[in-house]
Amino acid sequence: MKLVNITKASLIVLMVVFCIFLNDQTSAIEGGYCPVSTIQETVEYPENWNLEWDPSNPDEIDRNDSVALKVIGGYPPYAWSVNGAGFTLVNDITQGLSNTLNADSTACVATVTVTDSRGISVSGDVRCRCGGWVSKGEICGLAGTYDSKYYDNWVSGDIYTKVQGNQKQTQTVIQVSNLDCDQYNCGDSCTWNDGSGNFRCNKSYGCEPCIAGAEALCDGGYCHCTMSRNYSEYECPAE
Numbered sequence: 054m055k056l057v058n059i060t061k062a063s064l065i066v067l068m069v070v071f072c073i074f075l076n077d078q079t080s081a082i083e084g085g086y087c088p089v090s091t092i093q094e095t096v097e098y099p100e101n102w103n104l105e106w107d108p109s110n111p112d113e114i115d116r117n118d119s120v121a122l123k124v125i126g127g128y129p130p131y132a133w134s135v136n137g138a139g140f141t142l143v144n145d146i147t148q149g150l151s152n153t154l155n156a157d158s159t160a161c162v163a164t165v166t167v168t169d170s171r172g173i174s175v176s177g178d179v180r181c182r183c184g185g186w187v188s189k190g191e192i193c194g195l196a197g198t199y200d201s202k203y204y205d206n207w208v209s210g211d212i213y214t215k216v217q218g219n220q221k222q223t224q225t226v227i228q229v230s231n232l233d234c235d236q237y238n239c240g241d242s243c244t245w246n247d248g249s250g251n252f253r254c255n256k257s258y259g260c261e262p263c264i265a266g267a268e269a270l271c272d273g274g275y276c277h278c279t280m281s282r283n284y285s286e287y288e289c290p291a292e
């Protein structure tokens, strides 16, 4: 077998050519580096280019049916995922803003998450029309900041609500007059009349918020305290 005689100079030339081919700025040649510059592309995103769950997306679906879902903004490509038995997505990755969610005969609640190329994510829930909310008791089963609230004239208080997947937490906070209300010690005196003239704190609830933002407060001789709370889960019938 004939051996090819490669000189040191030839070897260096070959390594430089190989380095240029790889466009590797940090490849070493006898302790040095390839004299090849690397082209870098900087992607600039518009200000306030937020990724948002499209508010027009349906929040309900029938079993054995499909619905179109969309996001707003963000930067492609978009990675889609779904959490919930019985649900699938037509595409895992999209260049566009839309995708299709499918529900089979066992589906109940789906949480769909979309992540753009910057790593920013948004999520939305879709529930089967065949199901409904089932109360699990006057407990704190879901923590976090409330999603919405409204004033209920019937109970004369604000009802705070947080919904996440198949969980829903409500907390009703009412305002009652109490001339002894101490704004620095609201937990001892802030409550409603229990029917026996007792304005002491209801120990079964306490005055700490179940949902963040629904705190018990004292304001100008008035107390704002939890009157009730309820935790529910979304359930669907068997297939």
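Counting from 1, position 167 in the sequence shown corresponds to residue 220 in the working numbering; the numbering is continuous, with no gaps.
Cβ atoms here follow ideal geometry from the backbone N, Cα and C, with glycine treated the same way.
Computed from a prediction, not measured in an experiment: that's the story for all the values here.
Under the three-state DSSP convention, the category residue i falls into
i, result
"Asp107", "coil"
"Gly127", "coil"
"Asp205", "strand"
"Asn117", "coil"
"Thr159", "coil"
"Trp102", "coil"
"Tyr284", "strand"
"Ile264", "coil"
"Ala132", "strand"
"Cys193", "coil"
Buried or exposed by the 16-neighbour rule on C-beta atoms within 10 Å, applied to residue i
i, result
"Trp207", "exposed"
"Asp112", "exposed"
"Asn283", "buried"
"Pro130", "exposed"
"Tyr204", "exposed"
"Asp178", "buried"
"Gly185", "exposed"
"Asn136", "exposed"
Where the beta strand (DSSP E) containing residue i begins and where it ends
i, result
"Leu142", "140-142"
"Trp186", "185-190"
"Gly177", "174-181"
"Thr168", "162-168"
"Val216", "210-217"
"Ala156", "151-156"
Candidates the options, of which the one nearest residue i by Cα
i, options, result
"Glu292", "Thr141, Cys183, Gly210, Asp169", "Cys183"
"Asp169", "Gly127, Glu105, Asp107", "Gly127"
"Asn103", "Gln148, Ile173, Phe140, Gly137", "Ile173"
"Ala176", "Asp211, Val187, Asp107", "As written in the sequence, residue 176 is Ser, which differs from the Ala given in the question. Selected option, being the one with the closest Cα: Asp107."
"Tyr287", "Ser281, Gln217, Val226", "Gln217"
"Leu150", "Ser201, Glu105, Asp211", "Glu105"
"Val124", "Leu154, Phe140, Val167, Ala138", "Val167"
Beta-carbon proximity list for residue i, same chain, < 8 Å, skipping 5 on both sides
i, result
"Pro262", "Gln224, Glu268, Ala269, Thr279"
"Cys181", "Glu113, Ile114, Asp115, Arg116, Ala156, Ala160, Cys161, Val162, Cys289"
"Gly190", "Asn283, Tyr284"
"Val146", "It is worth fixing the name first, because residue 146 is Ile in this sequence and not Val. Cβ within range, chain order: Pro130, Tyr131, Ala132, Trp133."
Close Cβ partners of residue i (< 7 Å) along its chain, the five nearest in sequence each way excluded
i, result
"Pro290", "Cys183"
"Asn152", "Leu122, Trp133, Leu142, Val143, Asn144"
"Gly266", "Thr198, Tyr199, Tyr213"
Any chain C beta carbon closer than 8 Å to residue i
i, result
"Ala132", "Included in the structure is just one protein chain, with no chain C present."
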